[in-house]
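See below for the structure under consideration.
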């Protein structure tokens, strides 16, 4: 590729090879790849980035619901958040080599070339919007599925929150609250081991152990959720 940033139909051809979408409105593509720091630029991709964030969110949410038809909202949400995260978008921008096509301040591009940077994440969202405006929702869907769907199974989920989930589960059917109590504390001060029980009105208590009170409370909540069938044993052991 030439060191000179391509424009016009040459740019459209290069981007089509990477996205699968052939732009009818090349000016829309140019705008999507123009950062606000670009010298002498009369327009930039901020408005497209705003729209693209919403289009991407809609398509990814729909994709996950179809990909995981039995999953609860609490299981899908962490995957969704990971997929639309700026770091994920930036990595996709690097994979598409958008840094070669961006019109932006040279110093900004040099500082963030290895990591991608938020300017590339914004460009990816702007590109989603540009494809949507140029070709419609199906064109945008094809682009998103092509680049985000392979990441869905690898998306990093946030750590389980057994105490929070137990509280939410109990609140759905009553005004009761889980009550935690330390049953015993063993071991030396520098290496203690706590045993904690959790009680919920109408249910048998559950116990858990941990090297801190918090860890033991989480273990007890996890044991409760597994016993009542809210969590699988594999998730409780994670």
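Residue numbers (the numbering used here): 12 to 249. We treat Cβ as the ideally placed atom computed from N, Cα and C, and that holds for glycine.
Grouping DSSP H, G and I as helix and E and B as strand, with all else coil, what is residue i?
i	result
residue 16	coil
residue 241	coil
residue 207	strand
residue 220	strand
residue 157	helix
residue 29	helix
residue 54	coil
residue 167	With a pLDDT of only 48 at residue 167, under 50, the local geometry of the prediction cannot be trusted, and the value read off the model is given with reservation. In this structure, residue 167 counts as coil in the three-state DSSP scheme.
residue 126	In this prediction, residue 126 has a pLDDT of 44, which is less than 50 and means its spatial position is unreliable; what the coordinates show is noted afterwards. It is coil, neither helix nor strand.
residue 22	helix
residue 200	coil
residue 146	helix
residue 186	coil
residue 228	helix
residue 140	helix
residue 235	helix
In angstroms, rounded to a whole number, what distance separates the CA positions of residue i and residue j?
i	j	result
residue 160	residue 139	15 Å
residue 250	residue 205	This structure cannot speak to residue 250, because the chain is shown only from 12 to 249.
residue 195	residue 68	47 Å
residue 43	residue 65	15 Å
residue 132	residue 213	49 Å
residue 73	residue 79	10 Å
residue 176	residue 34	46 Å
residue 125	residue 202	Note that residue 125 has pLDDT 47, beneath the 50 cutoff, so the model's placement of it is unreliable and the number below is only indicative. Between residue 125 and residue 202, the C-alpha separation is close to 42 Å.
residue 23	residue 36	9 Å
residue 192	residue 211	12 Å
residue 179	residue 63	33 Å
residue 167	residue 98	Residue placement at residue 167 is flagged as unreliable, the pLDDT there being 48, under the threshold of 50; the coordinate-derived value follows with that caveat. Roughly 12 Å separates the two Cα atoms.
residue 25	residue 82	38 Å
residue 152	residue 100	15 Å
Can you name the start and end residues of the beta strand (DSSP E) that residue i belongs to?
i	result
residue 190	190-197
residue 101	No beta strand (DSSP E) holds residue 101; the alpha helix (DSSP H) holding it covers 97-106.
With respect to the alpha helix (DSSP H) encompassing residue i, which residues constitute its N-terminal and C-terminal limits?
i	result
residue 61	57-78
residue 277	An answer regarding residue 277 cannot be provided, because it is not within the stretch 12 to 249 covered by the chain.
residue 181	173-182
residue 114	From DSSP, residue 114 is part of no alpha helix (DSSP H); its letter is neither H nor E.
residue 42	37-43
Thinking just about the alpha-carbon of each residue, which of the options is nearest to the one in residue i?
i	options	result
residue 228	207, 79, 100 and 57	207
residue 142	165, 131, 60 and 190	60
residue 28	233, 163 and 108	108
residue 115	180, 230 and 134	134
residue 163	219, 178 and 76	76
residue 200	218, 188 and 222	222
residue 157	15, 17, 32 and 23	32
residue 90	144, 71 and 102	71
With 7 Å set as the bound, which would you pick, yes or no: does the beta-carbon of residue i sit closer than that to a beta-carbon of chain B?
i	result
residue 36	In the structure shown, chain B cannot be found, because there is only a single protein chain.
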